[in-house]
Amino acid sequence: TAEVEARSLPMELSEKGGVQNNGFVQNEDFEDKETATGSQEETPKTCSVDVDPGAVEETVLKPYAGMPKEVLLQFSSQARYRVTREILFWLVIAGAIVLVCATIAIIALSPKCLDWWQASPIYQIYPRSFRDSNMDGNGDLKGIQEKLDHITYLNIKTIWITSFFKSPLKDLGYGAEDFYDIDPIFGSMTDFENLIAAIHDKGLKVIMDLIPNHTSDKHRWFQLSRNRTGKYTDYYIWQDCRQAAGSVIPPNNWVSVFGNSSWHFDDVRKQCYFHQFGKEQPDLNFRNAAVQQEIHDIIKFWLGKGVDGLSFGTVKFLLEATHLRDEPPVNKSQNEESITAYSQLYHDYTTTQVGLHDIIRSFRHTMDEFSREPGRYRFMGSDDDEKEDIEATMMYYGTTFIQEADFPFNFNLINMKNLSGNSVSEAVNSWMKNMPAGKWPNWAGGSPNADRISTRIGKEYINVMNMLLLTLPGTPVTYYGEEIGMENIASENVSEEHVNSGPAVATLPEKSPMQWDGKVNAGFTEGNSSWLPVNSDYQSVNVEMQSAWSNSSLALYRALTQLRNEELPMNRGWMCHVWNDSNVFVYVRELDGLDRVFMMVLNFGQEATTDLQARVPNLPSEAVVRLSTHFSNAGKVVNTKLIKTEMGEGLVLEYTTAKPVHTMEAFQGKCFVAEKACYSKALNLLYVNC
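All letters in the sequence shown, in the order written, are residues 1 to 690 by full-length UniProt numbering.
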């Protein structure tokens, strides 16, 4: 029966359209024969299978999960899969190319980002008067570190610390005894390193002073030079002096900045040495290559310590004429022997000599060696006030191809002889019109060598002056305490006992201790006294009180720095001079592609009413007060035809327009831009090709 069933199986499979698979059906005959033959060789058997060709043709293999590689390859070569795969591949390639091209285009069209020294105001600190940490009455480096939160509170990211080198403190420390050390009055090198670390931890930058023109007469170089020791023999400027009637007759009529002859006889060397400032501050001989190399080594030392920038002071005095001719007198009829004041001579042979800018460019080159690290650009400023000679000042920017300082510090606003809308306009326009194309402006309202703003022009103008500084294009420089409106201390409270050099006494009243709070010594020191008296108004003019008062000078200062940081037209847009008269100075800040305009109406005179619609074509009839020196006016809407300002009042007006001032023909020559940029609303980015 089993045999019959086995033989009938092909018939049944054939009828059913199936296929026989011998791998699954045991052949009993073959098994029996294999058993019977024993060791006989296995004989292969054939198996016939009846297959219906039509059934095979109807069987279609479809993709399924987990299919082996051989099956997958059968499908991948089919046209519908191959074409889809190739389309996706080329789409990815095209997309990558588009992204690369778009990135290159954005980089090429985007303006250069503002550097750190452009993006933030600079806060200048006279370290001896900022904060005393050890109760000895003198401000120090640890004291600055304790008060870094005040800097960030002001929305400022750059600190400028004036000279703190080891010094006998003649002329308040500007004649160094050792360029590689900290004066003990300010702390130690460890204190300095800790301060640098703390500054950088807060995302701040630091600039320090370097006065290369002279040293202290206590400096090791001078001691070696006066003894004619080796290479140091000519490190300073020595000349023979004539003796007559028991007195020394100098080589010429050159006069020091502090007055009287700029030559002083040295008993050790038996020659006269030259000093542009005090006799305790002999001038270095910059015609000696070894002296120049010494200064380069000093620059490298401090940049290696982590300093982010240097301000080079008194650089116009670095070289003197070698012929030693007398300088011409301002009054030709004046008796030559009566000339003792610096202002009585034209300083043709002792300032800005040929070769000076080559030396400054070499300083720049050394600093650039430390600027190669991304994000670590080293700023270079020059602190020389040429006063009437604006062209000489502009030379410190360098040329189009050879850079010197990032900017020479601008003291135009300090040097104004009187205050009015006209004088402020003249000071601003003088700098902007003479500044080389593509360079960056800066503005200082105070300094360690000038009366404080409130003393110089009146405390009713402190807020409007800060508004001017923080809304003009470029980098504003704020001298410590100006944010709260500090004034000079009374001159009768200052005497020569506070300093070792008489001529420096005149610059002490603006260096009084910072007024932090209303406690004893204004919170400057916890000791019994301070090196200079604290101003008598410290209980009403201090940081703590003004921090809690919404209408204070400090609150306005913070609001202005915040506006400057948040609004593009304020930090890199156009500045157009709109109007000025004896009372007001008016200008706008605009940015190409942005219809929002800021107009500053600043009163530096008496109460006034100004019709700005008559000055600016197509000016909207109304504008919103974004900020005011009178906080209660903020948010109000004013009529631009009748803008009233009180004495010392400042307004930041905001309005929208499709016709910005800098595009109007009437204002050509009155508009300035340093880092030009345009705004794209569609892409929400800046670009340069406007």
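Just so you know, even glycine gets a beta-carbon here, dropped at the ideal spot from N, CA and C.
Reduced DSSP secondary structure (H/G/I, E/B, other) of residue i
| i | result |
| --- | --- |
| GLN353 | coil |
| ASP385 | coil |
| TRP117 | helix |
| TRP90 | helix |
| PRO408 | strand |
| PRO533 | coil |
| HIS630 | coil |
| LYS644 | strand |
| GLN74 | helix |
| LEU310 | strand |
| CYS576 | strand |
| GLN403 | strand |
| ASN542 | coil |
| THR455 | helix |
| ARG85 | helix |
| VAL616 | coil |
| ASP29 | For ASP29, the predicted structure reports a pLDDT of 47, less than 50, and the residue's modelled location is therefore unreliable. A value from the coordinates is still provided. ASP29 falls in the helix class under three-state DSSP. |
| GLY95 | helix |
| LEU508 | coil |
| ASP181 | strand |
| GLY398 | strand |
| LEU568 | helix |
| TYR342 | helix |
| GLN40 | Because the pLDDT at GLN40 is just 45, under 50, the model does not fix this residue reliably, and the value given afterwards should be weighed accordingly. Coil, per DSSP. |
| GLU649 | coil |
| LEU685 | strand |
| TYR679 | strand |
| PHE672 | strand |
| ALA608 | strand |
Proximal residues to residue i (C-beta, below 8 Å), its chain only, five neighbours per side dropped
| i | result |
| --- | --- |
| LYS419 | This sequence places Leu at residue 419; Lys is not what is there. If we look at LEU419 and ignore the five residues flanking it on each side, its Cβ neighbours are ILE457, GLY458, TYR461, PHE604 and GLY605. |
| ALA634 | VAL625, ARG626, LEU627 and SER628 |
| CYS241 | VAL248, ILE249, PRO250, PRO251, TRP263, PHE265, GLN271 and CYS272 |
Beta-carbon proximity list for residue i, same chain, < 6 Å, skipping 5 on both sides
| i | result |
| --- | --- |
| ALA290 | LYS231 |
| SER423 | MET416 |
| SER362 | none |
| GLY398 | GLU404 |
| ARG596 | THR656 |
| TRP549 | none |
| ASP592 | CYS678 and CYS690 |
| PRO212 | ILE295 |
| LYS316 | THR351, THR352 and ASP384 |
| SER371 | TYR377 and ARG378 |
| ILE237 | PHE274, ASP283 and ASN285 |
For residue i, the residue or residues it bridges with in DSSP
| i | result |
| --- | --- |
| LEU284 | TYR236 |
| residue 692 | One cannot answer for residue 692 here, as it falls past the ends of the chain, which runs 1 to 690. |
| ASN603 | VAL584 |
| MET380 | LEU310 |
| residue 697 | Nothing about residue 697 can be read from this structure; the chain reaches only from 1 to 690. |
| LEU655 | Rather than Leu, the amino acid found at residue 655 in this sequence is Tyr. According to DSSP, TYR655 bridges with VAL597. |
| GLU294 | DSSP, once it has assigned bridges, lists no residue as partnering GLU294. |
| MET444 | The sequence given here has Ala at residue 444, not Met. DSSP lists VAL477 as partners of ALA444. |
| VAL624 | VAL637 and GLU654 |
| PRO329 | LEU345 |
| TYR126 | None; TYR126 has no bridge partner. |
| GLU590 | TRP574 |
| SER555 | According to the sequence shown, residue 555 is Ala rather than Ser. Partner(s): none; ALA555 has no beta bridge. |
Proximal residues to residue i (C-beta, below 7 Å), its chain only, five neighbours per side dropped
| i | result |
| --- | --- |
| THR152 | LYS202 |
| ILE390 | SER430 and ASN434 |
| SER188 | ILE182 |
| ASN412 | ALA427, SER430 and TRP431 |
| PHE286 | GLN292, LEU318, LEU319 and ILE359 |
| MET664 | PRO617 |
| LYS218 | PRO168 and GLU177 |
Check: residue i C-beta below 8 Å from any heavy atom of the ligand SAM
| i | result |
| --- | --- |
| THR366 | In the structure shown, the ligand SAM is absent, as is every other ligand, since no ligand is present at all. |
Distance between beta carbons of residue j and residue i, contact taken as under 8 Å
| i | j | result |
| --- | --- | --- |
| ASN571 | LEU114 | 7 Å |
| LEU154 | TYR557 | 7 Å |
| ARG452 | GLU426 | Not a contact, Cβ separation roughly 22 Å. |
| PRO473 | ALA674 | 6 Å |
| TYR396 | PHE130 | Contact doesn't hold; Cβ gap of about 28 Å is too wide. |
| ASN535 | GLU487 | 6 Å |
Quiz prompt | Whole runs of the alpha helix (DSSP H) within the stretch 413 to 442, excluding any shorter than 4 residues | solution = 421 to 434
Practice problem: Report the residue ranges of all alpha helix (DSSP H) runs contained in full by the stretch 188 to 272; include only those spanning at least 4 residues, in chain order. | Solution: 189 to 201 and 220 to 226
Quiz item: Which ranges would you report for the alpha helix (DSSP H) in the stretch 147 to 177 if only whole runs of at least 4 residues count?
Solution: 148 to 153
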